[in-house]
Amino acid sequence: MTRLVLTAIRVALGALFLWAAATKLPDLAGFAQDVANYRVLPPILVPYAAAAVVGIEILSGLALVTGAAAKPAALLVAALLVAFIVFLAQALLRGIDLRCGCFGGDEPASWWTVARDLAMLAAAVVVARGSPQQQQGGRTLAT
Amino acid sequence: MVVLARAALLCVAGTVLGIAGNRFTPRPAPLGAPVAASAEQPGAACENPGASVDHISVEEAKPLCLACTAAFIDARSAPEYAAGHVTGALHLPPEGPFEPLLPALRKAPAVIVYDRDRACSAANQVAARLQAYGLRDVRVLTGAWPEWLARGGPGESGACRLCAGDRP
Chain A
11 MTRLVLTAIR VALGALFLWA AATKLPDLAG FAQDVANYRV LPPILVPYAA
61 AAVVGIEILS GLALVTGAAA KPAALLVAAL LVAFIVFLAQ ALLRGIDLRC
111 GCFGGDEPAS WWTVARDLAM LAAAVVVARG SPQQQQGGRT LAT
Chain B
1272 MVVLARAALL CVAGTVLGIA GNRFTPRPAP LGAPVAASAE QPGAACENPG
1322 ASVDHISVEE AKPLCLACTA AFIDARSAPE YAAGHVTGAL HLPPEGPFEP
1372 LLPALRKAPA VIVYDRDRAC SAANQVAARL QAYGLRDVRV LTGAWPEWLA
1422 RGGPGESGAC RLCAGDRP
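Those protein sequence lines, which keep their order, are chains A and B.
Taking our numbering, I'd label the letters of the first sequence as residues 11 to 153.
Taking our numbering, I'd label the letters of the second sequence as residues 1272 to 1439.
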């Protein structure tokens, strides 16, 4: 895969995560409610998880867009997407009717949402495998 | 290992950023207070700030069904609909098809949509689509099917003649 394509995927993935965080920031209470509706986490942990997810989305999105710590950020994003997919799938399999809370708005959770997350997971894996390791001092190794 | 350690560090930093920055957002998450699922919050049923569709309570909707002055739409799955639904309700999940039911729905003075869960996500989606098709008085049933059952709303064998026989 060419360096240009890899860079485009990395930047697009980072921008998507920054966009996802930006749509949640105006209403973190609403996002916490969306998280609660998945009925996976204990209610007392839900607001902390909601706030943490947005913080992780911001930092990993920035890291991917700028290319600083791209590989760790891609791994983190992949882990986050696996968690999202598990949350979505269990809700759909249990017949829970809810909005996904992915990009703000009223988008319902569906298997289409799972497919979209799988596509993003594939992109994160590509970035994680293809990105060069960082050297000390922030420079990257040539591949 | 270095990459994993950096990923973990990024995760911790993001968590700290999110939790510390929460208070500076317009509507912060209520840290320290439990947040339960919508369906488990009495009185908060069907409160969906993202939805643009009006709601109607079961108490208001029941007379409309009994008097056949509203068409009811069941937005749940086919097996759920078959197991029990509002008397005379038509089955219309979010994926449709919408067109075959539109002539019947246009004759009804009002359309009331409900689904299985008090979050009303599927019902909101169906209602929004019906509005996009030009239906004016479309509302989502607050509390959904569980609330209808709990408050003794008429079931499948009721006398909602406007809706009965409308299924294609």
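Virtual Cβ for every residue (Gly too), placed ideally from N, Cα, C.
Applying a beta-carbon distance threshold of less than 8 Å, which residues of chain B neighbour Ala73/A?
-> Taking the first residue of the first sequence as position 1, residue 73/A is located at position 63. What Ala73/A touches in chain B: Leu1281.
Which word fits Gln100/A, buried or exposed, when buried means at least 16 other C-beta atoms lie within 10 angstroms of its C-beta?
-> Numbered from 1 along the first sequence, position 90 holds the residue referred to as residue 100/A. By the neighbour-count rule (16 or more Cβ atoms within 10 Å), Gln100/A is not buried but exposed.
Nearest to Asn47/A by alpha carbon, out of Phe97/A, Val136/A, Leu26/A, Ala129/A?
-> Within the first sequence, residue 47/A is the residue found at index 37, counting from 1. It is Phe97/A whose Cα lies nearest to the Cα of Asn47/A.
Cutoff 9 Å: Gln100/A Cβ touching any chain B Cβ = Here residue 100/A is taken as the residue at index 90 of the first sequence, counted from 1. Not one chain B Cβ lies under 9 Å of Gln100/A.
What are the boundary residues of the beta strand (DSSP E) that includes Ile1221/B?
-> Nothing about residue 1221/B can be reported from this structure: the residues present for chain B run from 1272 to 1439 only.
Residues of the region 105-137 of chain A whose Cβ lies closer than 9 Å to any Cβ of chain B, in chain order | Gly105, Ile106, Asp107, Leu108, Arg109, Cys110, Gly114, Gly115, Asp116, Glu117, Pro118, Ala119, Ser120
Please work out which residues of its chain come closer than 8 Å, Cβ to Cβ, to Leu35/A, disregarding the five sequence neighbours upstream and downstream, and give them in chain order.
-> Position 25 of the first sequence, counted from the first residue, corresponds to residue 35/A. Contacts found: Val64.
Rounded Cβ spacing between Leu1376/B and Leu1406/B (contact assumed at less than 8 Å) = For the purposes of this step, residue 1376/B is taken as residue 105 along the second sequence, with counting starting at 1. For the purposes of this step, residue 1406/B is taken as residue 135 along the second sequence, with counting starting at 1. About 6 Å; that satisfies the 8 Å criterion.
Going straight from the alpha carbon of Ile95/A to that of Gly1355/B, what length do you get?
-> By 1-based counting over the first sequence, the position of residue 95/A is 85. By 1-based counting over the second sequence, the position of residue 1355/B is 84. Near 31 Å, if we compare the C-alpha coordinates of Gly1355/B and Ile95/A.
At a Cβ threshold of 9 Å, is Ala60/A touching chain B?
-> Against the first sequence, residue 60/A aligns to sequence position 50. Yes, Ala60/A counts as interfacial toward chain B.
Residues in its own chain within less than 8 Å of Tyr1352/B by CB, not counting five upstream and five downstream?
-> Sequence index remark: in the second sequence, residue 1352/B carries index 81 (1-based). Asp1345, Ala1360, His1362, listed in sequence order.
Listed by chain order, chain A residues near Asp1388/B by CB distance under 9 Å | Counting from 1 along the second sequence, the entry for residue 1388/B is found at position 117. Under the 9 Å cutoff, chain A gives Asn47, Gly105, Ile106, Asp107, Leu108.
Compare the C-beta of Leu1406/B against all C-beta atoms of chain A and say whether one is closer than 9 Å.
-> The count along the second sequence starts at 1 and reaches residue 1406/B at position 135. So no, Leu1406/B is outside the interface.
Between the C-alpha atoms of Glu117/A and Ala1393/B, what's the straight-line distance to the nearest angstrom?
-> The residue labelled residue 117/A in the question sits at position 107 within the first sequence. The residue labelled residue 1393/B in the question sits at position 122 within the second sequence. Straight-line Cα distance between these residues: approximately 9 Å.
How about Gly24/A: is its C-beta nearer than 9 Å to some C-beta of chain B?
-> The count along the first sequence starts at 1 and reaches residue 24/A at position 14. No, no contact with chain B.
Kindly list the residues whose CB is nearer than 6 Å to the CB of Leu1280/B, restricted to its own chain and excluding five residues on each side of it in sequence; keep chain order.
-> The count along the second sequence starts at 1 and reaches residue 1280/B at position 9. Around Leu1280/B: no qualifying Cβ.
Given Asp127/A, which residues of its chain have a CB within under 6 Å of its CB, disregarding the five upstream and five downstream residues?
-> Within the first sequence, numbered from 1, the residue matching residue 127/A stands at position 117. Excluding sequence neighbours, Asp127/A sits near Leu91, Phe94, Ile95.
Met130/A versus Cys1282/B - alpha carbon distance | Here residue 130/A corresponds to residue number 120 of the first sequence, with the count starting at 1. Here residue 1282/B corresponds to residue number 11 of the second sequence, with the count starting at 1. Their backbone Cα atoms lie some 18 Å apart in a straight line.
Leaving out five residues on either side along the sequence, give the residues of the same chain with a beta carbon under 6 Å from the beta carbon of Val1274/B.
-> Here residue 1274/B corresponds to residue number 3 of the second sequence, with the count starting at 1. Excluding positions up to five away in sequence, the list is empty.
If you check the beta carbons only, do Gly1285/B and Leu102/A fall under 9 Å apart?
-> Locating residue 1285/B in the second sequence gives position 14, where the first residue counts as 1. Locating residue 102/A in the first sequence gives position 92, where the first residue counts as 1. Going by C-beta atoms, Gly1285/B is not nearer than 9 Å to Leu102/A.
What three-state label does DSSP hand Ala1379/B in the structure shown?
-> To locate residue 1379/B, count along the second sequence from 1; it is residue 108. Coil, per DSSP.
Please compile the residues from chain B whose C-beta is within a distance smaller than 7 Å of the C-beta of Ala83/A.
-> Mapped onto the first sequence, residue 83/A falls at position 73. Correct list: Leu1281.
Own chain residues within Cβ distance below 7 Å of Ala60/A, not counting five before or after = The count along the first sequence starts at 1 and reaches residue 60/A at position 50. If we look at Ala60/A and ignore the five residues flanking it on each side, its Cβ neighbours are Leu38, Phe41, Ala42, Val45.
State the beta-bridge partners of Val92/A as determined by DSSP.
-> As a working mapping, residue 92/A is identified with position 82 in the first sequence. According to DSSP, which records beta bridges pairwise, Val92/A is partnered with nothing at all.
Can you check whether the CB of Gly77/A is closer than 9 Å to the CB of Ala31/A?
-> As a working note, residue 31/A is residue 21 in the first sequence. As a working note, residue 77/A is residue 67 in the first sequence. Against a cut-off of 9 Å, the Cβ pair of Gly77/A and Ala31/A comes out as no contact.
Could you list the residues in the region 30-42 of chain A with a C-beta less than 8 Å from some C-beta on chain B, going in chain order?
-> Leu35, Pro36, Asp37, Leu38, Ala39, Gly40, Phe41, Ala42
So is Gly77/A in contact with chain B if we call contact Cβ pairs under 9 Å?
-> Your numbering for residue 77/A matches position 67 in the first sequence. It does not; no Cβ of chain B falls within 9 Å.
Taking all protein chains shown into account, do 16 or more other C-beta atoms lie within 10 angstroms of the C-beta of Val1306/B, making it buried, or fewer, making it exposed?
-> Numbered from 1 along the second sequence, position 35 holds the residue referred to as residue 1306/B. Val1306/B comes out buried.
For Arg1410/B, name the three-state secondary structure that DSSP assigns.
-> By 1-based counting over the second sequence, the position of residue 1410/B is 139. Strand, per DSSP.
Run through DSSP, which three-state label would Ile106/A get?
-> To locate residue 106/A, count along the first sequence from 1; it is residue 96. It is coil, neither helix nor strand.
The beta strand (DSSP E) enclosing Ile1344/B, as first and last residue numbers | Position 73 of the second sequence holds residue 1344/B. Here the beta strand (DSSP E) through Ile1344/B covers 1342-1345.
Would you call Gly114/A buried or exposed, if buried means 16 or more other Cβ atoms sit within 10 Å of its Cβ?
-> Counting from 1 along the first sequence, the entry for residue 114/A is found at position 104. Label assigned to Gly114/A: buried.
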